[in-house]
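Student:
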Amino acid sequence: MNHDTSRHSSTAASPSPAAAQPLPSAAPSPAPLAPLPAAPAPRVPTVLVVDDTPAGLGVVCETLRGKGLRILLAESAGAARTVLGRTTPDLILLDVVMPGEDGLSFCTWLKSEARWREIPVIFLTAIDAPEQKVKAFSTGAVDYVTKPVHVPELVARVQVQLELLASRRATEAKNLELEAEIALRLDAENQLASSLDRAIVLLNQRSELLFATRLAHDLIAKYIPGRAQQLPTLGSRIEVGGSALCIRRFTEGGREDLLMLALEEEHAPPGPLALMSLGLTPRQAEVAYWVAQGKSNPEIAIILGASPRTIDKHMERILARLGVENRSALIVATADLLRA
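Residue numbers (my numbering): 9 to 348.
(1) Measuring CA to CA, which of 225, 304, 305 and 191 is closest to residue 207?
(2) By a C-beta neighbour count over all protein chains shown, 10 Å radius and 16 as the cutoff for buried, is residue 343 buried or exposed?
(3) For residue 331, tell me which candidate among 286, 318, 142 and 303 has the shortest Cα-Cα distance.
(4) Beta-carbon within less than 8 Å of residue 135's beta-carbon, same chain only, minus the 5 sequence neighbours each way: which residues are those?
(5) Looking at the secondary structure, which residues open and close the alpha helix (DSSP H) in which residue 133 lies?
(6) Sorted by chain position, which residues of the same chain lie with C-beta nearer than 6 Å to residue 118's C-beta, five sequence neighbours on each side aside?
(7) Per DSSP, what kind of secondary structure is residue 347 in: helix, strand or coil?
(8) In the structure shown, what three-state DSSP assignment does residue 268 receive?
(9) What does the alpha-carbon distance come out to for the pair residue 57 and residue 164?
(10) Comparing alpha-carbon positions, which option in 61, 76 and 59 lies nearest residue 51?
(11) From residue 109 to residue 180, what does the alpha carbon distance come to, in whole angstroms?
(12) Confirm, please, whether the CB-CB distance from residue 55 to residue 78 is below 9 Å.
(13) Would you list the one or two residues that DSSP bridges to residue 67?
(14) Using only alpha-carbon positions, find the residue among 148, 152 and 127 that is nearest to residue 137.
(15) Could you check if residue 129 is buried or exposed, using at least 16 other CB atoms within 10 Å of its CB as the buried criterion?
(16) Below 8 Å, can you find three or more Cβ-Cβ pairs linking the region 289-305 to the region 245-255?
(17) Based on the DSSP secondary-structure assignment, which residues constitute the bridge partners of residue 154?
(18) Name the DSSP bridge partner or partners of residue 103?
(19) In angstroms, rounded to a whole number, what distance separates the CA positions of residue 97 and residue 141?
(20) From what residue to what residue does the beta strand (DSSP E) around residue 256 run?
(21) Can you tell me whether DSSP reads residue 32 as helix, strand or coil?
(22) In angstroms, rounded to a whole number, what distance separates the CA positions of residue 242 and residue 185?
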């Protein structure tokens, strides 16, 4: 038996020439995909319980924890100030009667501090006197619950206040977004105001017109009608009928695919920008300018690429802003500013 085993082992240890050839390398396994970043965990609302005998609120605290809330405990007003120095709770359950500083005094102080003024406070007390409730609400509390506490009722009141707080924060965040959006729009309007009377032309390498402001189109039609592609080959000054158009060229170093031209008419009459001194927005100034040129609302809508209804609304606001009653009065109000 041993002999057979030895012979079998010897045979197995002598590989054939074919078996001795190296096997082709396997294709490398693809690198594992990086895990997606975990979504931020939702913020857990925090409730600070201020009571000199917190053990008496054990059931309340456990019930609130069961609702997913984070509970912090403080046995005095001083301890509560220490907690506030480390974190800002979303709501405070505050006992009225405590050794040393009472809850009324603490709440008055809390509401005087800008950092914590918006934290809702619910008073917990065994005192059910009406005058005590009046004092509590006068310090800035949002609710008043008497002991012994009916746990489901208190939990419901806490949840209502936390929902109101979340709603208020969402509204404030939305207001900040709207303020930012308004700021962007005002900035865009200011940029428009600064370029309202400018004639800008943008051409590509083949001298094809890519973009032109409204004033640029007007000047091209006046000085070189139908020949905008010739602008790069023209000189810096074109004279037509006693008036002149100046052409300035702008290029970006290392970039030859675009050419920007600024057109300026010498001794040009005042344009829409002059009417902004009346307190009009850039768009309103454009509408008022074309009214002064004798254009009707439908004609102005075509010129400005807007709907007639939009022009009507602009007209209503322009008349109200300038304190005039009709188009004729508007033309008189703008005459001096638009006089060449």
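Yeah, the Cβ is synthetic: ideal placement off N, Cα and C, and Gly gets one too.
Given the structure is predicted, the values throughout are model-derived calculations rather than measurements.
Tutor: Taking the geometry as given:
(1) For the purposes of this step, residue 207 is taken as residue 199 along the sequence shown, with counting starting at 1. Comparing Cα-Cα distances from residue 207 to each of 225, 304, 305 and 191, the minimum goes to 225.
(2) Position 335 of the sequence shown, counted from the first residue, corresponds to residue 343. That one is exposed.
(3) One-based indexing of the sequence shown puts residue 331 at position 323. Closest option to residue 331, Cα to Cα, is 286.
(4) For the purposes of this step, residue 135 is taken as the residue at position 127 of the sequence shown. For residue 135, where only same-chain residues beyond five positions count, the Cβ hits under 8 Å are 104, 105 and 154.
(5) Translated into positions along the sequence shown, residue 133 becomes position 125. No alpha helix (DSSP H) contains residue 133, which is instead part of the beta strand (DSSP E) from 129-133.
(6) On the sequence shown, position 110 is the one that residue 118 refers to. The residues 124, in chain order, have a CB closer than 6 Å to that of residue 118 in the same chain once the five nearest residues on each side in sequence are set aside.
(7) As a position in the sequence shown, residue 347 is number 339, starting the count at 1. Under the three-state reduction of DSSP, residue 347 is assigned to coil, being neither helix nor strand.
(8) The residue given as residue 268 occupies position 260 in the sequence shown. The three-state reading of DSSP puts residue 268 in strand, counting E and B together.
(9) By one-based count along the sequence shown, residue 57 stands at place 49. By one-based count along the sequence shown, residue 164 stands at place 156. Rounded to the nearest angstrom, the two C-alpha atoms are 16 Å apart.
(10) Residue 51 sits at position 43 when you count from the first residue of the sequence shown. Considering only 61, 76 and 59, the residue with the shortest C-alpha distance to residue 51 is 76.
(11) By one-based count along the sequence shown, residue 109 stands at place 101. By one-based count along the sequence shown, residue 180 stands at place 172. Whole-angstrom Cα-Cα distance: 33 Å.
(12) In the sequence shown, the residue the question calls residue 78 occupies position 70. In the sequence shown, the residue the question calls residue 55 occupies position 47. Closer than 9 Å, so yes.
(13) Here the question's residue 67 lines up with position 59 in the sequence shown. In DSSP, residue 67 forms no bridge with anything.
(14) As a position in the sequence shown, residue 137 is number 129, starting the count at 1. The residue with the shortest Cα to Cα distance from residue 137 is 152.
(15) To locate residue 129, count along the sequence shown from 1; it is residue 121. Counting of Cβ neighbours within 10 angstroms places residue 129 among the buried residues, the total reaching 16 or more.
(16) Contact between the region 289-305 and the region 245-255 is absent, because fewer than three Cβ pairs lie under 8 Å.
(17) As a working note, residue 154 is residue 146 in the sequence shown. Beta-bridge pairing links residue 154 to 133.
(18) Counting from 1 along the sequence shown, the entry for residue 103 is found at position 95. DSSP, once it has assigned bridges, lists 132 as partnering residue 103.
(19) Mapped onto the sequence shown, residue 97 falls at position 89. Mapped onto the sequence shown, residue 141 falls at position 133. Distance between the alpha carbons of residue 97 and residue 141 is about 23 Å.
(20) Working through the sequence shown from its first residue, we reach residue 256 at position 248. Judged by DSSP secondary structure, residue 256 falls within the beta strand (DSSP E) whose first and last residues are 251-260.
(21) As a working note, residue 32 is residue 24 in the sequence shown. Confidence at residue 32 is low in this model, with a pLDDT of 45, below 50, so its placement is unreliable and no value can be given for it.
(22) Position 234 of the sequence shown, counting from 1, holds the residue named residue 242. Position 177 of the sequence shown, counting from 1, holds the residue named residue 185. If you take the alpha carbons of residue 242 and residue 185, they lie about 48 Å apart.
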